[in-house]
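The sequence shown begins at 1022 in our numbering and counts up by one.
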Amino acid sequence: MKKVLLIGLPNVGKSTIFSRLTSKKVKIDTVAGTTVEVKRGGLRAEGQEIEIIDTPGVNNLFFNADQEKVARNILIDETPDLVIQVADAKNLKRSLVLTSLLADIGLPLVLVLNMVDEAAQKGIKVKRHKLEDRLGAPVLETVASEGIGIPALFSALDKAVPPTYPSRLPSGLAEAVPRLAGLMADKVHPEWVRRALALFALSADKEIARWARQRSGISGHKEALNLIEDAERPFHRTVDLAILRANDFWAEALYEESVYFTPVTSTPVLNRLGDLALTPVTGLLILFALLASLYFIVGKFAAGFLVDFLVEDIFGDLLGVHLKYAVAMIPSAWVRDLIAGEYGLYPMALVPAFGLVLPVIVVFFFTFGFIEDSGYFSRLSILLDRLFRKIGLNGKAVMPLVLGFSCVTMATISTRVLDSRRERFIAIFLLSLGIPCSAKLSIILVILARVSLMAFLVVFGVVFTLTIASGFVLSRLMPGKSAPFIMEIPLIRIPSLMNVLTKTSYRSLMFIREALPLFLVSALALFLLEKIGLLALAERFSAPVIKGFLGLPPQFAESLIMGFLRGEAGIAVLKKLVDTGVMDHLQLVVAIIVTILFIPCVTSFMLIIKEQGTKKALAIIVSVTACAIMTGGLMNFFLRWINFSV
């Protein structure tokens, strides 16, 4: 089977091209020891089976972050037949530095210039044929989000050749690399793999160099080690810096010959809108308009109309009636309760998962993907940079915090993009405290949609204020300053419907695959706790805090227990308390505030331990739990004091 490797810088459209190329089932693997995902898909072209491997976005293969480490391993272990390098046509010079390294290695290559429409709007024009002639390898132009150029890419899969543009490596290195590769001749094949390992073996990073030398079998090879020492001797700096500098010169020369600029005489309407999103006044107005739209689309339409239809008409009147008759025929009362009892799998797992969460989460993912694909989030990062500096972060933290509304666990992983341990700790603390994931948020919106807008404003007003205040306090308690923030601003564009639908379906299916088993396990755990009496014991034990301080019914303990196992499962229990009239509206507001602020689910908790260590993770959990209980208690007394009603 022919193997094709997709490689490129972050945010150049690799994933979109991957989805356009693959026609068979996609497999997603998390690489052992990392949180990096690698996607594999297949296609059949001219009677030939082809496997497409989508590597994580990398800036340079000489770096030693997880993404670069995974990409290097895949490059060597998979020995692809060719590489498709995806480049952003607006920022071609940065991508050409990576192209230079691939050219030095000698890989068969197809260079894809993606987003040429956005480059044209900026007055950037690439002389494609000139670049192709100088590079000596196929160069294609695409607008992947619209499928433009993809048929040509299919045709080019048989035309990939190693670039022939002359290398600009210093003469000593240019001689040392093939000699070093020659010493591996009996160990590694094909030839380009030997050249790649020879280059990596010269790295100043000890881990990369050790990996390359072990992989190529030259760790104890005296002649090879002497050759490496001789190659390093002439340089005042490290060898890999000399290679990177040579790659920069190579890219600069090719860029100057291949790119020209034309004056942009008019600014499209979307560009004007993008500029308005960056200014403080109009930017905040646009943000509030988007939040209001999300409330009505997700909170009213999805959490109101869709949920009512599914829960009452489908799961209640249609499926529920048939299930009732079917369960009645089961002789065992214990089994009947397990399936359809008060804490059974049907009412506590299947109905919440498919009737409450799924419709809301699909609509949320669609609207989130629509905004994401428009290029708005980078503007939001810049707009909120000043505010975020007040809480010890910078605009780069906007993306992890926004991602938290999709999945707090993945958002916790994404805090790795932040520049310091201090910023990562603050971001993870705020994610644990005040950011509900989409599944959890979906049921909260279902509940609040049936109460009032005032209840919604009180709940999220308190949570937002407390989150900002916590960040402010942490930024003062923890020494250090926010790192400088530089971000490229993409053009505002009309989102691709196909791209948004692809992301929505992928995220929704991932949710079903991950959440449904946990819903079932959580419901089973609650059922067993109730049967053996531990649930009643937990309610009595926690009554002084829950009933006395928070002013909530003792059954709220069930919601907190389930919420730790799976966040949305805890909210589903809370909804049951609301539906059965156990809580009034004032108690509901307090309960939702506590639930949002309460410790995240066990999956997020374990990941926080991995990211921050046991001591810091426990400090986060204890602080968040104390904050949730104290805030809930104070809100209980305050709302009763002002005689709050909704």
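Cβ atoms here follow ideal geometry from the backbone N, Cα and C, with glycine treated the same way.
Excluding residues up to 5 positions away in sequence, THR1525 lie with their Cβ nearer than 6 angstroms to the Cβ of PHE1387 in the same chain. In this structure ASP1125 is buried. Its beta-carbon is surrounded by 16 or more other beta-carbon atoms within 10 angstroms. Counting every other CB atom within 10 Å of its CB across the protein chains shown gives GLY1362 a total of 16 or more, marking it as buried. Here ILE1249 is buried: its Cβ has 16 or more other Cβ atoms, across all protein chains shown, within 10 Å. From the listed residues ILE1073, GLU1333 and LEU1618, the smallest Cα separation to MET1656 is found for LEU1618.
Beta-carbon to beta-carbon, PRO1211 and THR1100 are separated by about 7 angstroms, close enough to satisfy the 8 angstroms threshold. Proximity of the segment 1235-1248 to the segment 1106-1125 falls short of the contact definition, fewer than three beta-carbon pairs being nearer than 8 angstroms.
When DSSP states are grouped into helix, strand and coil, GLY1062 belongs to the strand group.
Taking each of TRP1232, LEU1103, VAL1147 and GLU1072 in turn and checking the Cα distance to ARG1093, the smallest one comes out for TRP1232. Exclusion of the five residues before and after GLY1416 leaves SER1402, ILE1403, LEU1405, ASP1406, PHE1409, PHE1506 and MET1508 as the residues of its chain whose Cβ lies within less than 7 angstroms of its Cβ.
If only uninterrupted alpha helix (DSSP H) runs of at least 4 residues are considered, those enclosed by the segment 1425-1491 are 1429-1435, 1442-1455 and 1459-1470.
Along the segment 1543-1583, the beta strand (DSSP E) does not occur as any fully enclosed run of 3 or more residues. Beta-bridge pairing by DSSP links GLN1106 to ILE1028 and LEU1132.
Within the same chain, Cβ atoms closer than 6 angstroms to the Cβ of PRO1159 are found at VAL1131, ALA1177 and LYS1180, the five residues on either side in sequence being excluded. Non-local C-beta neighbours of PHE1548 in its own chain, meaning closer than 8 angstroms and more than five positions away in sequence, comprise ASP1358, LEU1359, GLY1362, TYR1364, GLY1365, LEU1366 and MET1369, ordered along the chain. By the CB criterion at 7 angstroms, ILE1582 and LEU1573 fall outside the cutoff.
With a contact defined as Cβ atoms closer than 8 angstroms, ASN1080 and LEU1030 qualify at about 6 angstroms. Under the 8 angstroms Cβ criterion, the segment 1287-1296 does not count as touching the segment 1215-1223, having fewer than three qualifying pairs. When DSSP reads this structure, PHE1282 sits in a beta bridge with ILE1145. In this structure, DSSP gives GLU1167 a helical state, which the three-state scheme calls helix. A straight line joining the alpha-carbon of VAL1521 with that of LEU1134 spans about 21 angstroms. Residues of the same chain with a CB within less than 7 angstroms of the CB of VAL1372, apart from the 5 flanking positions on each side, are VAL1332 and PHE1336 in chain order. Ranking TYR1281, THR1037 and PHE1577 by CA distance to the CA of GLY1144 puts TYR1281 first. DSSP places ASP1075 in no alpha helix (DSSP H) but in the uninterrupted beta strand (DSSP E) bounded by 1069-1075.
Burial state of LEU1190 is buried, judged by a 10 Å Cβ sphere holding 16 or more other Cβ atoms.
Out of GLY1653, LEU1512 and VAL1542, the CA that lies nearest to the CA of LEU1571 is found in GLY1653. By the criterion of at least three beta-carbon pairs nearer than 8 angstroms, the segment 1537-1556 is not in contact with the segment 1627-1635. The bridge partners DSSP lists for LEU1161 are VAL1133. Taking the C-beta atoms as reference points, ILE1650 is found no nearer than 7 angstroms to VAL1480. Between ILE1620 and THR1646, the CB-CB gap stays under 7 angstroms. Contact between MET1604 and ALA1612 is confirmed by a C-beta separation of about 6 angstroms, below the 8 angstroms threshold. Around the C-beta of ILE1468, 16 or more other C-beta atoms lie within 10 Å, and the residue is accordingly described as buried.
Contact annotation: the segment 1146-1166 does not touch the segment 1307-1317, with fewer than three C-beta pairs closer than 8 angstroms.
In this structure GLY1584 is in contact with THR1616, their Cβ atoms being roughly 6 angstroms apart against a cut-off of 8 angstroms. With contacts defined by Cβ atoms closer than 7 angstroms, GLY1455 and THR1433 do not form a contacting pair. Selection ASP1226, PRO1565 and ALA1141 evaluated against GLU1089 yields ASP1226 as nearest (Cα-Cα).
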